[in-house]
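Visitor: Quick note, my numbering runs 2 ahead of the 1-based positions in the sequence shown.
In this text, a Cβ means the ideal position worked out from N, Cα and C, and glycines have one as well.
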Amino acid sequence: MTRLLAALAMSMALSGVALAHQFKVGPIEVGHPWSRPTPPSAPVASGYVKLTNGGAETDRLVEITSPIGKRAEIHRSLVQDGVATMRPLTEGVAIEPGATVDFEAERLHVMFIEPTRQLKEDEKFPATLVFEKAGSVEVEFVVQRRPAPAAPEDHSGHGAAP
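1. Can you list, in chain order, the residues of its chain whose CB lies under 7 Å from that of Arg73, leaving out five sequence neighbours each side?
2. If I follow the unbroken beta strand (DSSP E) through Ile115, where does it start and stop?
3. If you reduce the DSSP assignment to three classes, tell me which class Gly71 lands in.
4. Roughly how many whole angstroms lie between the Cα atoms of Thr118 and Asp83?
5. Starting from Pro128, follow its DSSP beta bridges and name the residues at the other end.
6. Applying the 10 Å Cβ sphere with the 16-neighbour rule, what's the burial state of Pro41?
7. Assign Leu121 to one of three DSSP states: helix, strand, or coil.
8. Once you ignore the five residues that flank Tyr50 on each side, which residues in its own chain have a CB closer than 7 Å to its CB?
9. Taking the alpha-carbon positions, what's the Pro45 to Val27 distance?
10. Name the one or two DSSP bridge partners that Val85 has.
11. Between which two residues does the beta strand (DSSP E) harbouring Leu53 extend?
12. Just verifying my parser: in three-state terms, what is the DSSP assignment at Arg147?
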């Protein structure tokens with residue numbers, strides 16, 4: 003029984019490492035790059051990522067390249083007067099010291115223009131993220147449906163007032 007519990011604990015620990023799906027360059031952590039599956043002849047594909055700056059100065063994501071598309075652009079989605087639009091962020095995305103920029107939460111995405119193939123669930127593809135100060139890092143985007151939102155913490159059993 004002890005061996006079974008030890009094996010279970012080890013497999014859970016290792017799966018947590020595999021699920022982390024993080025990359026690092028200098029003080030910048032790149033968390034869980036992912037992309038949605040696409041239809042067979044989609045003209046674009048979208049990608050999302052979380053960027054955390056553990057450094058003392060602001061850095062900026064200035065470029066993304068990938069063999070999955072002809073080019074990649076960073077876009078922000080906006081809703082103005084009830085009309086949804088997108089605009090490219092030609093200056094890139096700033097990441098302040100100690101801050102995390104969550105592309106999905108902040109209505110940002112990577113637009114992979116003219117994908118070379120259909121993106122299917124559970125596939126992976128490479129990309130290079132270029133930061134103004136930290137430099138370049140090779141990452142791997144996982145193709146998946148939108149991740150489930152994190153469950154809110156339940157403090158009901160701790161005597162905390164609602």
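Guide: Checking against the coordinates, here is how it stands:
1. On the sequence shown, residue 73 is found 71 positions in, with the first residue counted as 1. Result list for Arg73: Ile115, in chain order.
2. Indexing the sequence shown from 1 puts residue 115 at position 113. Start and end: Leu110 to Pro117.
3. Along the sequence shown, one-based indexing puts residue 71 at 69. If DSSP states are grouped into helix, strand and coil, Gly71 belongs with the strands.
4. Walking along the sequence shown from the start, residue 118 turns up at place 116. Walking along the sequence shown from the start, residue 83 turns up at place 81. Approximately 35 Å, taken between the alpha carbons.
5. Within the sequence shown, the letter at position 126 stands for residue 128. According to DSSP, Pro128 bridges with Glu142.
6. Sequence index remark: in the sequence shown, residue 41 carries index 39 (1-based). Answer is exposed; the Cβ neighbour count stays below 16.
7. Here residue 121 corresponds to residue number 119 of the sequence shown, with the count starting at 1. Taken through DSSP and simplified to helix, strand or coil, Leu121 comes out as coil.
8. By one-based count along the sequence shown, residue 50 stands at place 48. Answer for Tyr50: Trp36, Phe105, Glu106 and His111, listed in chain order.
9. Indexing the sequence shown from 1 puts residue 45 at position 43. Indexing the sequence shown from 1 puts residue 27 at position 25. Their backbone Cα atoms lie some 31 Å apart in a straight line.
10. In the sequence shown, residue 85 corresponds to position 83, counting from 1. DSSP, once it has assigned bridges, lists Gln82 as partnering Val85.
11. Here residue 53 corresponds to residue number 51 of the sequence shown, with the count starting at 1. It spans Val46 to Asn55 - the beta strand (DSSP E) in which Leu53 sits, taken as one unbroken run.
12. Counting from 1 along the sequence shown, the entry for residue 147 is found at position 145. Coil, per DSSP.
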